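For reference, the structure discussed in these notes is given below.
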Amino acid sequence: MTEPSLETARTVAEAALAHARHLGINVSVCVVNSRGHELVTLRADGANWFTPGVARDKARTAAALRRDSGALDGMKGSYPELFRLIGEQLPFEPTTLPGGVVHEGETAWAVGVSGATPEQDVACARAGLSAV
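Per the working numbering, the sequence shown starts with residue -2, numbered consecutively.
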């Protein structure tokens, strides 16, 4: 699959929100293309006001580094200077918070989820990606 279409991004975001509803949680979801450009962001009723921005940064981090955001904690711990240097070259501050998950294929785009526990954020992101 190449870059996700708007329809694909919406499908992923809606599936992630549906999984969150099933878990009884309120989250925000952001889907970005391989360059980290936002395609769609949705905030569930009751999700905290700041969760769309956190979801966006999780997704952008995953897309930019082509790794799930939570998997970057080891890199940041082992190579803090490298993580800082990479961050200085990005138009946003990368995060190691779990919940940014990469869609692997011809192009690595990503989905980010914020508003619940790290495990729930990841589960919702993966549920979204499994819809496509």
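All residues carry an ideal CB built from backbone N, CA and C; glycine is no exception.
This structure is a prediction, so every number in the text was calculated from the model and none was measured.
Ranked by how close their Cα comes to the Cα of lysine 73, the residues Ala61, Pro91, Ala113, Leu20 have Pro91 in first place. In this structure, DSSP gives glutamate 35 an extended state, which the three-state scheme calls strand. Counting the other Cβ atoms within 10 Å of the Cβ of proline 77 gives fewer than 16, which makes it exposed. The segment 41 to 49 makes no contact with the segment 57 to 73; the number of CB pairs closer than 8 Å stays below 3.
Shown here for arginine 53: same chain residues with a beta carbon closer than 7 Å to its own, the five before and five after excluded, namely Cys27, Glu35, Thr38, Gly109 in chain order.
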